[in-house]
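Per my numbering: the first sequence = residues 52 to 317.
Where is the CB? At the ideal position from N, CA and C, for every residue including glycine.
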Amino acid sequence: MRIATWNVNSVTAREPRLLGWLRDTAPDVVCLQELKVATAAFPTAAVADLGYEAAVHGEGRWNGVAVLSRVGLADVVVGLPGGPGFPHQEARALAATCGGVRVWSVYVPNGREPDNPHYAYKLAWLAALRAAVAAELASGGPLAVLGDFNVAPTDADVWDRAAFDGSTHVTEPERAALAALREAGLVDVVPRPGKGPHPFTYWDYRAGAFHKDMGMRIDLVYASQSVATAVRDAWVDREARKGTGPSDHAPVVVDLDDDGLAAGRP
DNA sequence: ATGTCGTGGACGCCACGA
52 MRIATWNVNS
62 VTAREPRLLG
72 WLRDTAPDVV
82 CLQELKVATA
92 AFPTAAVADL
102 GYEAAVHGEG
112 RWNGVAVLSR
122 VGLADVVVGL
132 PGGPGFPHQE
142 ARALAATCGG
152 VRVWSVYVPN
162 GREPDNPHYA
172 YKLAWLAALR
182 AAVAAELASG
192 GPLAVLGDFN
202 VAPTDADVWD
212 RAAFDGSTHV
222 TEPERAALAA
232 LREAGLVDVV
242 PRPGKGPHPF
252 TYWDYRAGAF
262 HKDMGMRIDL
272 VYASQSVATA
282 VRDAWVDREA
292 RKGTGPSDHA
302 PVVVDLDDDG
312 LAAGRP
């Protein structure tokens with residue numbers, strides 16, 4: 052089974068590239084973030100033509116998450132149970148069971164600046180995610196949380212640590228929130244590097260950041276032990292960041308061994 | 001370091017978020 056995550060930065064603007072990427076990459080399950088469309092405006096028919104069912108949680112101008120699957124899509128939960136609002140609940144999480152794996156698509160709040168109320172919201176949101184994940188892990192089934200976490204887990208996950216002094220994405224409390232997810236039972240499935248030493252997944256549109264590899268690894272795959280042990284390969288699809296009209300994020304693709312996955316099921 | 005995107009409101013640009 053091939054699973055992936057991609058922050059598309061507007062599914063409307065990215066629709067041609069998304070459809071082409073689905074054809075070329077043929078993932079079984081894809082988690083999408085930053086749809087920037089209302090649920091009704093998601094290109095459901097276009098992805099259905101490629102064989103994908105879609106569970107969509109949109110909200111207009113910002114946010115928005117989805118799970119696309121061609122291996123079944125059941126028990127959809129929209130939103131983060133017990134999650135905080137800013138001030139209202141935003142479209143930042145959606146869960147579904149696909150091919151026997153519980154899959155979450157998450158778009159963690161950005162945080163803006165460490166002294167911004169959005170930063171406290173980010174930490175509260177991550178705490179709620181941990182609680183929701185712990186509840187899911189109690190069932191013992193395979194689980195994978197994929198998405199834009201807006202946190203670089205280590206200093207090696209940003210192009211220049213010094214450039215992030217005083218910024219979000221690298222602070223100790225944000226990293227502690229990721230550590231808490233790992234302590235709850237999830238494993239950070241780190242993709243192998245592409246060009247350059249770091250498996251970055253995001254590069255700013257400005258200043259030629261992509262070509263200078265001034266990136267960050269903030270799109271993460273956090274998998275339960277049974278899923279992590281089934282990982283055959285994981286990589287960043289840098290091709291999707293190239294050319295005309297890319298998202299500022301590249302997809303992360305993970306191949307799972309189906310036998311290993313089956314063996315890990317209770 | 002802040003150079004670019006994307007969106008939507010009232011435009012032919014601006015504010016905002018990332």
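Residue i classed as buried or exposed, judged by whether at least 16 other C-beta atoms fall within 10 angstroms
| i | result |
| --- | --- |
| P67 | exposed |
| G133 | exposed |
| N201 | buried |
| A279 | buried |
| H262 | exposed |
Segment limits, beta strand (DSSP E) that includes residue i
| i | result |
| --- | --- |
| T148 | 144 to 149 |
| Q289 | The question names Gln, but residue 289 in the sequence shown is Arg. Per DSSP, R289 belongs to no beta strand (DSSP E) and is neither H nor E. |
| S277 | Taken as a continuous stretch (DSSP letters only), S277 belongs to no beta strand (DSSP E), being part of the alpha helix (DSSP H) at 276 to 279. |
Straight-line Cα distance separating residue j from residue i
| i | j | result |
| --- | --- | --- |
| V129 | G217 | 34 Å |
| E187 | A125 | 15 Å |
| H108 | R153 | 17 Å |
| W254 | L145 | 25 Å |
| C82 | E141 | 17 Å |
| M265 | L70 | 27 Å |
| A230 | A281 | 22 Å |
| W176 | G296 | 31 Å |
| D288 | V304 | 7 Å |
| R268 | A207 | 9 Å |
| Y273 | L232 | 8 Å |
Whole-number beta carbon distance between residue j and residue i, since they are thought to touch under 8 Å
| i | j | result |
| --- | --- | --- |
| A147 | S190 | That pair is no contact at about 15 Å. |
| E164 | T219 | 6 Å |
| V209 | A203 | 5 Å |
| M52 | D309 | 6 Å |
| A178 | A228 | 7 Å |
| Y170 | G198 | No, Y170 and G198 are not in contact; Cβ-Cβ is about 19 Å, not under 8 Å. |
| L86 | A117 | 6 Å |
Proximity winner among the options, relative to residue i (alpha-carbon distances)
| i | options | result |
| --- | --- | --- |
| E225 | V241, A106, R181 | R181 |
| A64 | V98, A185, V88 | V88 |
| F137 | G151, P160, G123 | P160 |
First and last residue of the uninterrupted alpha helix (DSSP H) at residue i
| i | result |
| --- | --- |
| T95 | 95 to 100 |
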